[in-house]
Structure formats: structure tokens, C-alpha cells
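Colleague: Pasting a structure here, questions to come.
Number of protein chains: 2
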Amino acid sequence: MKIPEPLQQVDRTYVRVNGRKLSYFAGCDYFRLASHPKVLRAAVAGINKFGLNVAASRLTTGNHELFGKLETALAKFFEAETAVLVSNGYVTNLVVAQALAGDFSHVLMDEKAHPSLKDAAQILSGHTVTFRHLDPLDLKRLIAKLPKSAKPILLTDGMFSHDGAIAPLQSYLKILPKNGVLLLDDAHGAGTLGRAGGGTIELAQISRELVIQCITLSKAFGCYGGAILCTNQLRERIISRSRMFVGNTPLPLPLANAAISAVGVLQKENGLRRRLNENVTWVRKELRKAGYTLADSQSPILAITPKASAEANRIKERCLKNKVFPSFIKYPGGPEDGYFRFVISSEHSREQLGALVASLSA
Amino acid sequence: MKIPEPLQQVDRTYVRVNGRKLSYFAGCDYFRLASHPKVLRAAVAGINKFGLNVAASRLTTGNHELFGKLETALAKFFEAETAVLVSNGYVTNLVVAQALAGDFSHVLMDEKAHPSLKDAAQILSGHTVTFRHLDPLDLKRLIAKLPKSAKPILLTDGMFSHDGAIAPLQSYLKILPKNGVLLLDDAHGAGTLGRAGGGTIELAQISRELVIQCITLSKAFGCYGGAILCTNQLRERIISRSRMFVGNTPLPLPLANAAISAVGVLQKENGLRRRLNENVTWVRKELRKAGYTLADSQSPILAITPKASAEANRIKERCLKNKVFPSFIKYPGGPEDGYFRFVISSEHSREQLGALVASLSA
Numbered sequence: 000m001k002i003p004e005p006l007q008q009v010d011r012t013y014v015r016v017n018g019r020k021l022s023y024f025a026g027c028d029y030f031r032l033a034s035h036p037k038v039l040r041a042a043v044a045g046i047n048k049f050g051l052n053v054a055a056s057r058l059t060t061g062n063h064e065l066f067g068k069l070e071t072a073l074a075k076f077f078e079a080e081t082a083v084l085v086s087n088g089y090v091t092n093l094v095v096a097q098a099l100a101g102d103f104s105h106v107l108m109d110e111k112a113h114p115s116l117k118d119a120a121q122i123l124s125g126h127t128v129t130f131r132h133l134d135p136l137d138l139k140r141l142i143a144k145l146p147k148s149a150k151p152i153l154l155t156d157g158m159f160s161h162d163g164a165i166a167p168l169q170s171y172l173k174i175l176p177k178n179g180v181l182l183l184d185d186a187h188g189a190g191t192l193g194r195a196g197g198g199t200i201e202l203a204q205i206s207r208e209l210v211i212q213c214i215t216l217s218k219a220f221g222c223y224g225g226a227i228l229c230t231n232q233l234r235e236r237i238i239s240r241s242r243m244f245v246g247n248t249p250l251p252l253p254l255a256n257a258a259i260s261a262v263g264v265l266q267k268e269n270g271l272r273r274r275l276n277e278n279v280t281w282v283r284k285e286l287r288k289a290g291y292t293l294a295d296s297q298s299p300i301l302a303i304t305p306k307a308s309a310e311a312n313r314i315k316e317r318c319l320k321n322k323v324f325p326s327f328i329k330y331p332g333g334p335e336d337g338y339f340r341f342v343i344s345s346e347h348s349r350e351q352l353g354a355l356v357a358s359l360s361a
Numbered sequence: 000m001k002i003p004e005p006l007q008q009v010d011r012t013y014v015r016v017n018g019r020k021l022s023y024f025a026g027c028d029y030f031r032l033a034s035h036p037k038v039l040r041a042a043v044a045g046i047n048k049f050g051l052n053v054a055a056s057r058l059t060t061g062n063h064e065l066f067g068k069l070e071t072a073l074a075k076f077f078e079a080e081t082a083v084l085v086s087n088g089y090v091t092n093l094v095v096a097q098a099l100a101g102d103f104s105h106v107l108m109d110e111k112a113h114p115s116l117k118d119a120a121q122i123l124s125g126h127t128v129t130f131r132h133l134d135p136l137d138l139k140r141l142i143a144k145l146p147k148s149a150k151p152i153l154l155t156d157g158m159f160s161h162d163g164a165i166a167p168l169q170s171y172l173k174i175l176p177k178n179g180v181l182l183l184d185d186a187h188g189a190g191t192l193g194r195a196g197g198g199t200i201e202l203a204q205i206s207r208e209l210v211i212q213c214i215t216l217s218k219a220f221g222c223y224g225g226a227i228l229c230t231n232q233l234r235e236r237i238i239s240r241s242r243m244f245v246g247n248t249p250l251p252l253p254l255a256n257a258a259i260s261a262v263g264v265l266q267k268e269n270g271l272r273r274r275l276n277e278n279v280t281w282v283r284k285e286l287r288k289a290g291y292t293l294a295d296s297q298s299p300i301l302a303i304t305p306k307a308s309a310e311a312n313r314i315k316e317r318c319l320k321n322k323v324f325p326s327f328i329k330y331p332g333g334p335e336d337g338y339f340r341f342v343i344s345s346e347h348s349r350e351q352l353g354a355l356v357a358s359l360s361a
């Protein structure tokens, strides 16, 4: 396996490739907050005021008021009891798993769960069984087979990063026994989905009671770091039981400052999510007109799997003709031979979206 | 367990606590590169030129030329075949473990190894045995007991973060069978120890042949991120086998830009390591005069364990009187009731060092 050629984004929604400026529908910077002037100013202010790094665990001498402020802002944004900040989205699930290791008899996992949930399953150390992707009936079948004494934990992505599918959380929670818990990797849903950006929890209108919501600050929020939205009780256990929480240098201070600003931007600028939804709705409608069968979803991720390499090449050519970067990728969970993955942002113009649709239409 | 009160560093080597400015001998920012003007300028330039974040895995659309540049700079600095950049120091060991999982029959681990090495041992999935802290004889005894077919991997910190002790790497490598490998967590040694900053590898004058050196950019380099110094073959395996490498959004771009600058500063400004050594030598000499028994070491970390809480309180009072922040911590590997951990930097003045010595002298 090789790492692909480097890319550099320009002007927020373009990328420069071989001297050509192409519309960029990749990455998961759904609102382009990674280049939002307010967020960038907060990052620069953070550098000037605080320096880069505390260089110590929060449990020794590395605690800083920015971490607490960011946690408070996130708990408020997501209407959760508390938020625990960790160094990135990937480790959120691992930190939770370390805090809960040994507590559950069975780990029930969507077969296409994110790699970090697979790592978490290993750490949780219960017996792991996978259910069919997005399939509550298969989950129900598996749960019916569990012994009466079983205490299961359910692991799934909220919005799956490889194709944008959204997990049927409401159905899952109806099936899950009352002593069970849902560990939700909501890296892509958080900030993006739901009227207030509450993620797949808000979209599915489920209560937080049985849910641990793990989010990242590197997608909708455009910054870096991860957070666990949970109860004070779990926070306490994380601090006392997760080696990864205790032994890791926390987020660089300018990023924490930028993330506080990004949370504010996503909270105040409702237009961002409205524009994203309008863009997603328009592209999905146009692609349906062009003959695509698409799920009825507000998911900004579009996965298009070509039937053969000839079709892949045709799409690539049409993209380049229409000045669209042909983001053909290989990624865990996606088709083995690779596929096109396009991501709509709130900042793409109607003209750019039209070029994408034209590239995908015969 | 509770997270301690937040701290904010000021003027590079001080911290403001309850309105008082105290000399700060904590954290592991050994050269204060987290506030070095060149490094900060590079971070700001990175924000303005690149934005915060690529929001995608390097294996899909998230690769960026800065990552390659930083890897090249690190490989050159450490004279290694290659460097693999990961999102922080903690996960370096986990990424290596995922790449090598199943390859080794036995994991031999220092009993006081860093939490991240304990996590790595779990992932490596061989039979784990711990040897006595820093003890080659105990290691030899354990190796003698292994079956002939054994293929061991040895896990140890280079410089231990809790008390600054340096592992006897040369002795370990003499004992380790030729089919064994040393996974070295050199988070604290890298950039700090050795004439050229090559870390405990350079200090012990051992060859890289059997060694995987894991480093962090959040200590001596003052930035963030981690790197694995290794062979091209291991790099290849990491990219194809480590879920954590594949599924993690890479380092924010301004930090990568800052880290490239920090590597340059540590490479060119030899005065930094010379000053650190002078400061360490002076403090250790003065503390010996004051009656302390200290190992003959160039380690900038000083761990002082009070015999009882009364003594702890006396030291705290003397520190405050001398305007020194009394960094009393609890941390894995250290004494259960807590201890003082002071860290010398190249940027502390002789006056500040004198105040530290005075605080620790009866």
C-alpha cells in the first residue's frame, strides 16, 4: 500500500493539482471551519498568548483553563452532562474502552464499524460478535441468543465515513437490553447532523441515557482533538482508569482555543447547517434525476462505486473536464478496488455542485 | 482522582499562581521550543498558508507535502532510514504494535514502562513478562527461561518520565537474542540526550539494527505529534497493517510546519543542548553538596520523594518562599503518595536554578 500524492487545498473549496485548480469534494471539513477566519484568528491568538504546548499530562502539571473551557462549551453544545477532551477522535473510543474494560460480557459491533471501534472492542475484552451492517434485525437475532446474564455493549458509527450511511439508532436502542450501553462513534455526525448539530443522537431523537457519544473536532469543527460526551460517572472512571487519558499530552493550546471558537461558530451561525442541507438536498435530487438510486438521507457523503475500471476512468475524465478533483480512494469499509467518495460542504457554490453532478451524469 | 487546577506558563520559565509569578520546573518542554519565536512564527505561517486541518486520512485525500517534509527532516535528524509521522507520542507504540501484532512469541517489558508500552504489549498479543526496572540481570534470567523457538520483543522507555532514569540499552542489546527487537519509547530522550540530540540511542552508542525508536514532538521539540524512526520495511507494514495509522486524521498542518521549524532549531542551535547540560550538571552538583544521593546522569528530570507528608509540606513551603512552583504530582510509575518532580530546561537562569536548589536544601 502506498500513501497517495500530497494535496493542498486553496480558496477553501479547491485544490491545486498539476497546476490546475479543481473543485475539491473530499475530506470531511463539512463547513470549512479549518479555514474560517474566526477560527484561524483564535488559533493565532492562542499561539501568541499561550504558546504551543503544555508538555505534560493533565493529571500532573499539564492542566490548562482552555481545556476546561472547551469541555464546558462542548457539553453545552451537545446538551450532555459532561465532555472529556482527548487528543484526537480516533482515541475517544479507546479511552472509553479502557475506562469500561471488563464491564461487559459481550461486544456487539456493526461489521463495518470504524477501525477505532474495532480497536476499542479488543480493549473492552468481552466476547465480540459482529452484526450485519446497519441491520437491526440481525442485531435482534444476536441479542436473542445471548445468555440471560449477558451485559452487552453495542458499537457503531453514527454516520459511516466510507459511504455516509446513517445507523438506525432508534431501532438499536429499542432492541438493546436495559443493562446495555451504546458506544457511538459520532465523528462525522457531530456538528453536522441535526438541527442544532447534535449529531446522529439529535437526528434520531434518542435520549442520552444509554449512549456514550464520541466525537472529533477535526471534521465539522475543522480543528483537532476528540471528546467523549458522557455522564460525570464515566468521566470519573476515564480519569482514574484510562492509561491513554492519563499518559497522553493534551491538545496543543492554540488548537483548543481554535476549537472553542469553532464551537461558537457552529452554535451561532445556523446558516452553515442550512446551507449544507440545501447543498446536499440539491445534489441528491439532481443525481436522482440523472438515474442514481440514492437513499433518502441528509448525509453529505456520496460514495459511488464504479462497476469496472473502464467506468472509473470515464468518471475520472469527466471530473477533470469539469474541473472537479476525482477523489477515488481505497479505505477500510469501502469497496476493495476503490471507489469515488465525494463530500458536500456548506461552502461549495451552486456552480461547483453543478460541475460535480455533470461529472457523475452520463 | 481529580484533575489538578489549571496552570498557565508565562515568560517561558514561569507560571502565575494566585497572582504570584513562580519559577516553573515542570512539564517536559526541555528547550522551551513551545514558546521559541521561530517555532511560533512557523505555526502562524502554517495557519495562514494552509489552514488548520486536512480532515481526512493520509491514505485517502489527506496527504500533504508538509507531512513528507517533516518525516524527511526527522529521519535526517535521527539518522534513521525513515520516519513515520503519527498524531501523538502515545500512539507511536500502539501503531508499531498493530504493525507487528502476532510476530513475537514473548513481550519482555520493564515493570515501570510507560502506559503506552503497556497498551502496546496488549496489542502485540505475545505472552508478556515484566522484568525488574532497569535490571539487565533480571532480563537475562527471563531470556534464559524462554523456549529455544522464542522470538521476543523488548519494551522499555529510553529515559523514564517519572524519575528521569535512563535504561541500560547497551546491556539489553547484548542480552537480547539476534531474532529479537527492541521497541524503545524515547519520548523524553529524543532531541534531549546525546550530542546531536539523537536520544538514548546516541547516548548508549547502540546501532539501530534491532531498534525501533518511538519519539514525540511534544517534549524536546515543543510541538505535537509522534514519529516512529525505523526501517522502510516497517514503514510499509505500518501503512498496510496499522488501523490506527490508516484511520486517524494526521497532525494539523500548522503543527507540522512548527515541528519542521523545531527540528531545524534543535539541529542548528547546539547551544541549547549545551546550556541544558550545563544547567543539569550544576543543579545535580549543588544538590549533592546539599546531601542528596543522585545517580551520575545527565537527565534533566529530578524526582524527589518526601519521606512523609510533613517533609512534603516543608519542601512546598520552602519552594513558595523561594518563588518556585512546588510541582508535587501523582503519576503512574511514581510513588503512590505522590512526589516532587522538577524538570530542568536550557532556558532557566542560574538564579532560578539556585532558587530550586535552595528550596530542596535543608
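In order, the protein sequences belong to chains U and W.
Residue 0 is where the first sequence starts when you use numbering that gives the first Met the number 0, and the numbers rise one by one after that.
Residue 0 is where the second sequence starts when you use numbering that gives the first Met the number 0, and the numbers rise one by one after that.
Quick reminder that beta carbons are idealized off the backbone N, C-alpha and C, glycines included.
Closer than 7 angstroms by beta-carbon distance: list the chain W residues that pair up with residue 162/U, in chain order.
Modeller: Going along chain W, no residue has its Cβ under 7 angstroms from residue 162/U, so there is no contact; the nearest lies around 13 angstroms.
Colleague: Helix, strand or coil: how does DSSP classify residue 13/W here?
Modeller: Of the three classes helix, strand and coil, the one that applies to residue 13/W here is strand, per DSSP.
Colleague: Rounding to the nearest angstrom, what Cα-Cα distance links residue 339/U and residue 282/U in this structure?
Modeller: 15 angstroms
Colleague: Pull up the distance between the alpha-carbon of residue 156/U and that of residue 184/U, whole angstroms please.
Modeller: 5 angstroms
Colleague: In angstroms with no decimal places, state the Cα-to-Cα distance between residue 244/W and residue 297/W.
Modeller: C-alpha separation (whole angstroms): 34 angstroms.
Colleague: For the stretch 217–234 of chain W, list every residue whose C-beta sits within 7 angstroms of some C-beta in chain U, in sequence order.
Modeller: 217, 218, 221, 222, 223
Colleague: Could you work out which residues of chain W lie near residue 2/U, taking near to mean beta carbons separated by less than 7 angstroms?
Modeller: 57, 58, 62, 238
Colleague: In the DSSP output, which residue or residues are listed as bridge partners for residue 94/U?
Modeller: Its beta-bridge partners do not exist; DSSP assigns none.
Colleague: Whole-angstrom Cβ separation of residue 223/U and residue 254/U, contact assumed at under 8 angstroms?
Modeller: 5 angstroms
Colleague: In chain U, what lies closer than 8 angstroms to residue 117/W by C-beta?
Modeller: 242
Colleague: Are the CB atoms of residue 151/U and residue 167/U within a distance shorter than 9 angstroms?
Modeller: no
Colleague: What residue range is occupied by the uninterrupted beta strand (DSSP E) comprising residue 45/U?
Modeller: No beta strand (DSSP E) holds residue 45/U; the alpha helix (DSSP H) holding it covers 36–49.
Colleague: Would you mind telling me which residues of chain U sit closer than 8 angstroms to residue 34/W, beta carbon to beta carbon, in chain order?
Modeller: 50, 51
Colleague: Assign residue 358/U to one of two classes, buried (16 or more other C-beta atoms within 10 Å of its C-beta) or exposed (fewer than that).
Modeller: buried
Colleague: Candidates 37/U, 55/U, 22/U, 41/U: which alpha carbon is nearest residue 31/W's?
Modeller: That would be 55/U, whose Cα lies nearest to the Cα of residue 31/W.
Colleague: Please list the terminal residues of the continuous beta strand (DSSP E) segment that includes residue 159/W.
Modeller: Note, residue 159/W: premise wrong, no beta strand (DSSP E); not H, not E.
Colleague: Should residue 73/U and residue 84/U be called a contact, given that it needs their Cβ atoms to be closer than 9 angstroms?
Modeller: yes
Colleague: For residue 162/W, tell me which candidate among 286/W, 221/W, 302/W has the shortest Cα-Cα distance.
Modeller: 302/W
Colleague: I'd like to know if residue 279/W contacts chain U, where contact means its C-beta is closer than 9 angstroms to some C-beta of that chain.
Modeller: no
Colleague: For residue 89/W and residue 287/U, what's the separation of their Cα atoms in angstroms?
Modeller: 46 angstroms
Colleague: Excluding the 5 residues flanking residue 334/W on each side, which residues of the same chain have their C-beta closer than 8 angstroms to its C-beta?
Modeller: 304
Colleague: Using three-state DSSP, classify residue 225/W as helix, strand or coil.
Modeller: strand
Colleague: Indicate whether residue 35/W and residue 323/W have their beta-carbon atoms separated by less than 9 angstroms.
Modeller: No, Cβ-Cβ distance for residue 35/W and residue 323/W is not below 9 angstroms.
Colleague: Measure from the alpha carbon of residue 289/U to the alpha carbon of each residue in 353/U, 86/U, 16/U, then state which is nearest.
Modeller: Nearest C-alpha to residue 289/U: 353/U.
Colleague: How should residue 346/U be labelled, buried or exposed, when 16 other C-beta atoms within 10 angstroms of its C-beta is the threshold for buried?
Modeller: Residue 346/U should be labelled buried.
Colleague: Can you find a CB in chain W that lies within less than 9 angstroms of the CB of residue 264/U?
Modeller: False, the Cβ-Cβ gap to chain W never drops below 9 angstroms.
Colleague: Residue 78/U to residue 15/U, Cα distance in whole Å?
Modeller: Cα to Cα, the separation comes out at about 40 angstroms.
Colleague: Per DSSP, residue 364/U is paired with what?
Modeller: Shown here, chain U extends from 0 to 361; a query on residue 364/U therefore has no answer.
Colleague: For residue 289/U, go through chain W and note every residue whose CB falls closer than 8 angstroms to its CB, in chain order.
Modeller: Residues of chain W passing the Cβ test: none, with the nearest at roughly 24 angstroms.
Colleague: Would you call the stretch 104–111 of chain U and the stretch 123–130 of chain U touching, i.e. three or more CB-CB distances under 8 angstroms?
Modeller: yes
Colleague: Provide the residue(s) that pair with residue 301/U in DSSP beta bridges, ordered along the chain.
Modeller: 341/U
Colleague: Please classify residue 244/U: does DSSP put it in a helix, a strand, or coil?
Modeller: helix
Colleague: With a threshold of 9 angstroms between beta carbons, is residue 179/U in contact with chain W?
Modeller: no
Colleague: So is the beta-carbon of residue 99/U under 8 angstroms away from any non-hydrogen atom of the ligand MN?
Modeller: Looking for the ligand MN in the displayed structure turns up nothing, as the structure carries no ligands at all.
Colleague: Starting from residue 318/W, find everything on chain U with Cβ-Cβ shorter than 7 angstroms and list it in chain order.
Modeller: Going along chain U, no residue has its Cβ under 7 angstroms from residue 318/W, so there is no contact; the nearest lies around 13 angstroms.
Colleague: Could you give the C-beta distance for residue 123/U and residue 96/U, rounded to a whole number, given that I count them as a contact under 8 angstroms?
Modeller: Between residue 96/U and residue 123/U the Cβ distance is about 5 angstroms, and since that is below 8 angstroms, they are a contact.
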